[in-house]
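Novice:
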Amino acid sequence: MTSDKDGPTGRGVRESEIFRDGPGTNFSNSIGAEQGLESFGERSRARPARPNKTFAESARDIPVYAETDVLVVGGGPAGTAAAIAAARLGADVLLVERYNHLGGLSTGGLVIWIDRMTDWSGAHIIRGIAGELMERLPKDAIQGPPRATWGSRDAASAAYWAQRTAAYHGIVTWSPTIDPEALKTLSMRMVSQAKARLLLHAWCAAPIVQDGAVKGAIFESKEGRHAVFAQVTIDASGDADLIARAGGQCESDIDTGDIHHCINTAFLMGGVDMERWLAFRRDDPDGFAAFMARGRARLKFFEKPFVSWRNDVALFMGPRLAGYSAINVDDLTAVDLRSRELAVGHVEAYRTAAPGFADAFLMLGAPQIGVRHSRRLVGRSKVTREQWPTGRVFDDEIGVSPSLSPKFPNISVPYGALLPHGLDNILGAGRHIACDPSSHSFLREIPQCWLTGQAAGVAAALAVGSGRRPRELDAAAIQRELLRQGAYLSPSIAAAVQAPAAAE
Ligand SMILES: Cc1cc2nc3c(=O)[nH]c(=O)nc-3n(C[C@H](O)[C@H](O)[C@H](O)COP(=O)(O)OP(=O)(O)OC[C@H]3O[C@@H](n4cnc5c(N)ncnc54)[C@H](O)[C@@H]3O)c2cc1C
Numbered sequence: 085m086t087s088d089k090d091g092p093t094g095r096g097v098r099e100s101e102i103f104r105d106g107p108g109t110n111f112s113n114s115i116g117a118e119q120g121l122e123s124f125g126e127r128s129r130a131r132p133a134r135p136n137k138t139f140a141e142s143a144r145d146i147p148v149y150a151e152t153d154v155l156v157v158g159g160g161p162a163g164t165a166a167a168i169a170a171a172r173l174g175a176d177v178l179l180v181e182r183y184n185h186l187g188g189l190s191t192g193g194l195v196i197w198i199d200r201m202t203d204w205s206g207a208h209i210i211r212g213i214a215g216e217l218m219e220r221l222p223k224d225a226i227q228g229p230p231r232a233t234w235g236s237r238d239a240a241s242a243a244y245w246a247q248r249t250a251a252y253h254g255i256v257t258w259s260p261t262i263d264p265e266a267l268k269t270l271s272m273r274m275v276s277q278a279k280a281r282l283l284l285h286a287w288c289a290a291p292i293v294q295d296g297a298v299k300g301a302i303f304e305s306k307e308g309r310h311a312v313f314a315q316v317t318i319d320a321s322g323d324a325d326l327i328a329r330a331g332g333q334c335e336s337d338i339d340t341g342d343i344h345h346c347i348n349t350a351f352l353m354g355g356v357d358m359e360r361w362l363a364f365r366r367d368d369p370d371g372f373a374a375f376m377a378r379g380r381a382r383l384k385f386f387e388k389p390f391v392s393w394r395n396d397v398a399l400f401m402g403p404r405l406a407g408y409s410a411i412n413v414d415d416l417t418a419v420d421l422r423s424r425e426l427a428v429g430h431v432e433a434y435r436t437a438a439p440g441f442a443d444a445f446l447m448l449g450a451p452q453i454g455v456r457h458s459r460r461l462v463g464r465s466k467v468t469r470e471q472w473p474t475g476r477v478f479d480d481e482i483g484v485s486p487s488l489s490p491k492f493p494n495i496s497v498p499y500g501a502l503l504p505h506g507l508d509n510i511l512g513a514g515r516h517i518a519c520d521p522s523s524h525s526f527l528r529e530i531p532q533c534w535l536t537g538q539a540a541g542v543a544a545a546l547a548v549g550s551g552r553r554p555r556e557l558d559a560a561a562i563q564r565e566l567l568r569q570g571a572y573l574s575p576s577i578a579a580a581v582q583a584p585a586a587a588e
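In the numbering used here, the protein residues as written are 85 to 588.
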């Protein structure tokens with residue numbers, strides 16, 4: 085990944101500063117051990133053996149729970165945005181989520197640092213539903229730089245916000261931290277205000293597929309198994325669960341030099357004085373280095389805290405574990421056990437010796453395991469590393485992502501990256517859209533998941549409304565609706581799709 089080349093203040097580097105050897109490097113065990121990451125391929129325990137047997141489950145009739153226009157599977161950032169966008173276009177929408185809340189990793193995973201929504205000039209390019217969510221959060225539930233400073237290169241301002249995860253490369257960015265409970269509440273309200281129907285505590289187990297077209301899905305709940313029929317299904321599970329089970333091709337190769345494949349369960353420490361910790365880090369670099377060295381000697385994998393939306397709460401989004409599969413249940417279990425041990429170890433280490441942490445306590449281990457990557461769908465088109473320097477704008481662009489560093493222009497995201505190859509009536513949105521591993525490092529971020537979710541929701545509703553399959557849709561119709569819903573598209577696309585309307 086480019087972070088290594090981008091200099092010591094890039095977003096990628098902040099999250100993956102352990103990867104000092106450059107993109108694609110097979111970094112040595114010592115780098116991982118010293119700096120907080122298990123080397124890829126290394127794992128703490130072997131998977132338990134399983135009996136080499138099968139069981140023939142008998143076929144059965146199951147009740148139909150609903151017949152709907154649009155079924156959205158997964159209520160993370162992508163699924164939430166998809167449900168809202170489709171319902172606002174008048175589609176009958178059912179959003180199915182396995183847990184008891186919306187927001188996915190941005191709430192239940194305690195990934196409360198919402199990454200960059202501005203480009204390097206300070207332009208607000210991930211907006212639409214993403215922008216609306218950020219604007220509608222209560223003021224005390226969001227902390228980040230004021231709008232007037234977005235894109236600022238003022239050294240003092242950038243230094244201040246760099247400590248608070250909102251300035252990279254000496255440029256202030258719109259990347260706030262938020263209160264996860266407030267985002268849960270707001271997400272539920274917006275889904276319900278859009279008149280999308282929400283079903284919690286239901287795990288989609290399998291797609292219903294006929295002749296290569298997805299007709300809905302089967303879910304499991306406390307009531308057993310139910311079917312949902314839908315004209316269009318949006319897989320926003322984060323893992324392309326439905327697409328993979330429908331026979332859609334997926335990719336799972338990784339960039340070993342990037343953290344995008346790492347798993348861990350994040351946690352919050354309460355009772356903290358974060359300003360005191362930040363002052364220590366800034367004013368006593370030797371003391372800070374010595375503290376981190378002691379922590380590593382004690383725990384092997386040792387993390388620095390991130391700021392949160394409050395001074396008395398610290399966020400830990402690591403230690404990041406590698407060599408595990410996010411779609412293997414034994415691995416998921418092992419990662420949670422390991423993350424718990426490390427969280428408890430961090431609390432002890434910080435309480436003992438970190439300025440600002442004398443009264444710290446383990447406030448919350450994330451209810452959802454932190455999966456950064458499992459599968460990526462193979463789509464009609466995909467975002468790749470080669471695209472970054474070119475500034476290519478896809479004709480079927482459905483959104484624009486900030487690039488990883490100021491040396492690259494903004495990244496155009498095509499509608500084709502949401503369309504699984506060889507399957508009909510299903511769209512993918514969120515962290516499993518079609519891209520290469522390098523591009524996955526930023527396309528998986530929360531704002532980008534809101535972006536692709538909103539686009540998938542718009543496309544699904546337009547498909548239902550026009551009686552067409554998603555892949556037959558005119559990209560301009562999707563683009564016009566996205567602009568109407570407040571999303572940002574490249575100026576050339578916006579001009580092209582708005583021109584005919586203006587002439588009418
Ligand atoms: C530790 C960590 C740190 C990160 N750091 C950042 C960061 O600093 N900033 C940033 O912007 N992003 C960050 N990310 C990335 C970001 O959090 C995720 O990539 C993003 O949340 C993905 O959104 P999504 O909607 O695609 O999936 P998810 O957020 O995973 O949501 C998927 C939802 O679908 C549900 N679901 C899954 N399968 C099923 C099923 N079969 N049936 C029903 N429901 C199902 C899940 O319960 C979940 O609620 C980080 C991720 C991790 C793990």
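Ideal placement from N, C-alpha and C gives every residue a C-beta, glycine not left out.
1) Between aspartate 199 and alanine 418, what straight-line distance do the alpha-carbon atoms span, to the nearest angstrom?
2) What residue does the beta strand (DSSP E) around histidine 285 start on, and which one ends it?
3) Work out the CA separation of alanine 547 and glutamate 529 for me, nearest whole Å.
4) Can you list, in chain order, the residues of its chain whose CB lies under 6 Å from that of glutamine 247, leaving out five sequence neighbours each side?
5) Is the beta carbon of glycine 355 sitting closer than 8 Å to the one on aspartate 443?
6) Examine ligand 1 and report whether any of its heavy atoms sits within less than 7 Å of the Cβ of leucine 405.
7) Quick one: using the 10 Å Cβ neighbour count with 16 as the cut-off for buried, is proline 37 buried or exposed?
8) Would you kindly check if the distance between the Cβ of leucine 573 and the Cβ of alanine 30 is under 8 Å?
9) Give the secondary structure of glycine 120 by DSSP, where H, G and I count as helix, E and B as strand, and everything else as coil.
10) Could you check whether isoleucine 517 and leucine 461 sit closer than 8 Å to each other, using their CB atoms as the reference points?
11) Return the chain-ordered list of same chain residues with a C-beta closer than 7 Å to the C-beta of glycine 322, the five sequence neighbours on each side being excluded.
12) Determine the DSSP secondary structure at serine 496, reduced to helix, strand or coil.
13) Tell me whether alanine 320 counts as near ligand 1, meaning its Cβ is closer than 7 Å to at least one heavy atom of that ligand.
14) DSSP three-state call for arginine 593: helix, strand or coil?
15) Work out the CA separation of cysteine 346 and arginine 220 for me, nearest whole Å.
16) Report back the beta-carbon spacing between serine 271 and tryptophan 197 to the nearest angstrom; my notes put them in contact at under 8 Å.
17) Below 8 Å on the Cβ atoms is my guess for phenylalanine 303 versus alanine 286; work out the distance and round it to an integer in Å.
18) Opposite threonine 202 in the DSSP bridges: which residues?
19) Quick one: is the Cβ of aspartate 199 within less than 7 Å of any heavy atom of ligand 1?
20) Mind checking proline 291: buried by the 16 CB within 10 Å criterion, or exposed?
21) Thinking C-beta only, is valine 298 closer than 8 Å to leucine 535?
22) Would you call glycine 475 buried or exposed, if buried means 16 or more other Cβ atoms sit within 10 Å of its Cβ?
23) DSSP state of proline 161, grouped into three classes?
24) Helix or strand or just coil, what does DSSP make of methionine 401?
25) In terms of alpha-carbon separation, which member of Gly308, Val316 and Gln294 lies closest to glycine 331?
26) My output table needs one value for isoleucine 168: the three-state DSSP class, helix, strand or coil.
27) In chain order, what residues of the same chain lie with their CB nearer than 8 Å to the CB of cysteine 60, ignoring the 5 residues before and after it?
28) With the cut-off set at 8 Å, would you say valine 154 and alanine 170 are in Cβ contact?
29) Spell out the partners DSSP gives glutamine 227 in its beta bridges.
30) Please name the residue or residues paired with arginine 460 in a DSSP beta bridge.
31) Let me confirm a value: proline 473 is counted as buried when at least 16 other C-beta atoms fall within 10 Å, else exposed. Which label applies?
Specialist: On the basis of the supplied data:
1) If you take the alpha carbons of aspartate 199 and alanine 418, they lie about 28 Å apart.
2) Boundaries cannot be given for histidine 285, as no beta strand (DSSP E) includes it and DSSP labels it neither H nor E.
3) Cα to Cα, the separation comes out at about 27 Å.
4) Leu362
5) Yes, the pair counts as a contact, with Cβ atoms nearer than the cut-off.
6) no
7) There is no way to answer for residue 37, as the model of the chain reaches only from 85 to 588.
8) The structure shown does not extend to residue 30, since the chain is modelled only from 85 to 588, so the question has no answer here.
9) With a pLDDT of 40 at glycine 120, under the threshold of 50, the modelled position of that residue is not reliable, and the figure given next carries that caveat. The answer is coil: DSSP assigns glycine 120 none of H, G, I, E or B.
10) yes
11) Gly158, Gly160, Gly188, Val455, Gly514, Arg515 and His516
12) strand
13) yes
14) Outside the displayed range of the chain (85 to 588) lies residue 593, so it cannot be described from this structure.
15) In this structure, the straight-line span from the alpha carbon of arginine 220 to that of cysteine 346 is close to 32 Å.
16) 17 Å between Cβ atoms; not a contact.
17) 4 Å between Cβ atoms; contact.
18) When beta bridges are read from the DSSP output, threonine 202 appears opposite His208.
19) yes
20) Flag for proline 291 reads buried.
21) In this structure, leucine 535 keeps its C-beta atom at 8 Å or more from the C-beta atom of valine 298.
22) exposed
23) helix
24) coil
25) Gln294
26) Here isoleucine 168 sits in helix by DSSP.
27) Lying outside 85 to 588, the shown extent of the chain, residue 60 is not represented and no answer is given.
28) yes
29) When DSSP reads this structure, glutamine 227 sits in a beta bridge with Thr261.
30) Glu335
31) exposed
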